[in-house]
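For what it's worth, this note's numbering labels the leading residue of the sequence shown as 13, then goes sequentially.
Read the structure below first, then the notes.
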Amino acid sequence: TIDQERHQLVHGEASLSIFGSITRDEDGDPRLFIEGRGYVGYLISANFRQRFTDANGLRHKEKIRDLETLASGDSREFPPLKYGVFGRIGYKWAALYFQYRLSDIFDEFTDEIFLPEGVTGFRNPKIPPIEIGLSIFF
């Protein structure tokens, strides 16, 4: 049985932002502001770790590196491009933000090389594309 799986993806990213200050304080710093941004990224590195217990009760640890090389071949486990939009509205040192990812993180099905022997047809998790939160600046 699989005890733990961990994916580590590293992307290089470029973005284009539009920032607007609605009001300013006495020092000229933004008081109420709004920002919108689009971003695009490319997969630089991908690693996969798995910890599982075999039929004999023995625990195994496995680490697979350089998975970004598979993204350009027959395997599409990790799509190489990621892109989306980001926005926030804030007051002084706090802001509400949202991010909407327009690309998938994983392919629909897990590639066979990542599965223990005898397991087939495992679907990757569907990670929600939207993220909403609060950011605080110091």
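C-beta atoms are modelled at their ideal positions from N, C-alpha and C, and glycine is treated no differently.
- A contact is defined here as three or more CB-CB pairs under 8 angstroms, and the region 68 to 80 fails this definition with respect to the region 97 to 112.
- When Glu-143, Lys-104, Gly-145 are compared, the shortest CA-CA separation from Asp-39 is found for Lys-104.
- Residue state for Leu-146 is assigned as strand, using DSSP reduced to three classes.
- The region 31 to 45 makes no contact with the region 61 to 70, as fewer than three CB pairs between them are under 8 angstroms.
- DSSP lists Leu-44 as the beta-bridge partner residues of Thr-35.
- CA-CA distance, Gln-20 to Ile-148, rounds to 26 angstroms.
- Glu-74 carries a strand assignment under DSSP once its states are collapsed to helix, strand and coil.
- For Glu-80, the three-state secondary structure derived from DSSP is helix.
- Relative to the Cα of Asp-119, the nearest Cα in the group Tyr-54, Val-22, Lys-138 belongs to Lys-138.
- As the crow flies, the alpha-carbon of Leu-114 is around 15 angstroms from that of Gly-48.
- 7 angstroms or more divides the Cβ of Glu-80 from the Cβ of Tyr-51.
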